[in-house]
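Peer 1: Residue numbers for the sequence shown, in the numbering used here: 2 to 469. C-beta atoms are modelled at their ideal positions from N, C-alpha and C, and glycine is treated no differently.
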Amino acid sequence: MFVRFEKKDGKISGHMMALERDQLSETRAEKSLAASLPDKISDEVNIESILRNFDTDMEVYQGPLELLFYFNAKIGREIVTEKLVKFVTEKSHSRELGGDFEIFEIDDVHIVELIKRSEEIVAWGRSRRELPKIAIIGMIATLDDYIARLAKVVCINKSSYIFGKEKTVALSDILTHSNLDELKEKILSEEVERLMRDGHDSQVQWFEKALNAEIIKNYPLWPEFMEICARRNLFTHTSGVVSGSYVALGKKFGFAAGVTAGTKLSVDSGYYRRSVHVLYDFYFKLAHLVWRKLDLDCGVCPNESLNIHSYKLVVDKKYNQAIDILEYGLNIRGVISERTKRMMAINLANSYKMIKEFDKSKEVLSRFDWTAVSTDFKICVCAIEGRIPDLISLMETHGRGSEDAPVDYENWPVFREARRDAKFREAFKAKFGIPIKIKSPRVGVDDEALEGNIEAQSAIGQSETASI
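1. Hey, quick one: how far does the beta strand (DSSP E) through Ser311 stretch, first residue to last?
2. Return the bridge partner residues of Ser93 from the DSSP annotation.
3. Using the three-state DSSP reduction, which class does Lys9 fall into: helix, strand or coil?
4. Nearest-angstrom Cα distance between Gly245 and His310?
5. Should the region 132-146 be regarded as contacting the region 232-247, the criterion being three or more beta carbon pairs within less than 8 Å?
6. Helix, strand or coil: how does DSSP classify Val155 here?
7. Short of 8 Å in beta carbon distance, which residues of its chain neighbour Asp145, apart from the five on each side in sequence? Order them along the chain.
8. Is Glu305 close to the ligand PLP? I mean its beta-carbon at under 7 Å from any heavy atom of the ligand.
9. Could you check what DSSP says for Lys210 in three-state terms: helix, strand or coil?
10. Where Ile80 and Arg129 are concerned, what is the direct C-alpha to C-alpha distance, given to the nearest angstrom?
11. Since Ile439 is in the alpha helix (DSSP H), which residue starts that stretch and which ends it?
12. Using only CA atoms, which one of Gly11, Leu280, Phe254 and Val248 lies nearest to Lys265?
13. Roughly how many whole angstroms lie between the Cα atoms of Asn348 and Gln322?
14. With a 10 Å radius around its C-beta and 16 neighbouring C-beta atoms as the bar for buried, classify Asp10 as buried or exposed.
15. On the CB-based measure, 16 or more other CB atoms within 10 Å of its CB, does Asp298 come out buried or exposed?
16. Where does Leu196 fall in DSSP's three states?
17. Looking at the unbroken alpha helix (DSSP H) that takes in Ser338, where does it start and where does it end?
18. Distance check for Phe369 and Arg5, CA to CA, integer angstroms please.
19. Quick check on Glu7: buried or exposed, where buried means 16 or more other Cβ atoms within 10 Å of its Cβ?
20. So who's on the other strand from Val242, going by DSSP bridges?
21. Could you name the residues that DSSP lists as bridge partners for Leu290?
22. Look at Ile324 and Tyr353 and say whether their C-beta atoms are less than 8 Å apart.
23. Following the continuous alpha helix (DSSP H) through Glu427, name the residue where it begins and the one where it ends.
24. In whole angstroms, give me the CA-to-CA distance for Thr237 and Ile141.
25. Counting Cβ pairs, one atom from each stretch, are 3 or more of them under 8 Å apart for the region 87-103 and the region 47-63?
26. Is the beta carbon of Leu366 sitting closer than 8 Å to the one on Ala384?
27. So is Ala152 buried or exposed if we call it buried at 16+ other beta carbons inside 10 Å?
28. Give a yes or no on whether the C-beta atoms belonging to Phe283 and Phe226 are separated by under 8 Å.
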């Protein structure tokens, strides 16, 4: 892996990463120019490229924004509160002390400034409640953008579905386009624009017809997906107050039972995280359905792509998201290499273990015979099953002469618990001559800290009528 830092005025202005040195020879400006050239347009219809960009955009909602919601709002409120206390203390001319309170008298001349500072405290308090709503709106907007990209992929690769319908084309459109390709591009763009004006259920039905697939019926998270989309509409149009259309959609798609019109809905940490999970899961699986149904060449096979993306989720400790993707991957019909399938099983079993679903972890491993496999797999199975003596024995005879071996033990998620074991650490040092590096936790939001600030609600459609 090569990393290139770009500088401007002596300061780091950005960075790039690549597996090969030659891939870092272009400047950002050159890459930007190259991206606009015709031979780069294919990235717009490359599912793997689309998924990588989707991953990056969704990461914004899973890390930085959570910090902003639940910590910055709290810190900001504390700062403006301290400023108010200082202002009142300095401007007051009498002070009354109680057991757990203080009362200050302040001249009326300061009332405007006093109200302003008081309103700042209220605003910061509200931000902790309002920012997650804004993020839900943003996530749906991001999702819509990527659904449009998938629709474009379908239109380009299965234009017979679009042009098989009866189409009326204005004579002026025919005359103003220099060739049929331009006219075709305009018609396809209009098809995507029309589709994106529909509701999400209608959009998915469009994909069902275009791909000849049953999506809604076979997607278990469909009610949750539709509830998130419906709640987003409430935040956009009614500030979260339940409308009759929300109730009707709930009856149609099976969500929010018991919620009545007029109830005000909000977003807590549990709901927010579940929303990120569901929206990511839905899009990932829809993208893979398009990829597989159209049998597209995206530079990597879909199974390998799924394996790579799910591994990243495990590395980032997003175990529940990884589980849903990996269960999906292991149950897909079609050709999949035995090695890829076993790698998925290892990551799935480890993910179940990390959320303390030990029986499910054992069940996943039991789907395969691990006796006649490479040592890599045997070591991973030992780590998941917690057989430290067997793991140490295999480590002592495995990776001899390999420079990557120590790094693998330090980095692979499957060894997270083994790295905490004193005997394993001792054996590692004896084997490789260096102490094992225990990485610091990834910068992000701690689950317990979040749930200590805002009580998690697990049920979709649960309401909150909090007052200021």
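Peer 2: Taking the definition as stated:
1. That residue, Ser311, is in no beta strand (DSSP E); its alpha helix (DSSP H) goes Pro303 to Val316.
2. Ile107
3. strand
4. 39 Å
5. yes
6. helix
7. Met197
8. With respect to small molecules bound, the structure shown includes none, and the ligand PLP cannot be examined in it.
9. helix
10. 15 Å
11. Element bounds for Ile439: n/a, residue is neither H nor E.
12. Val248
13. 12 Å
14. exposed
15. exposed
16. helix
17. Counting along the chain, Ser338 falls outside any alpha helix (DSSP H), and DSSP gives it neither H nor E.
18. 42 Å
19. exposed
20. Lys265
21. Beta-bridge pairing links Leu290 to no other residue.
22. yes
23. Ala423 to Phe433
24. 11 Å
25. no
26. no
27. buried
28. yes
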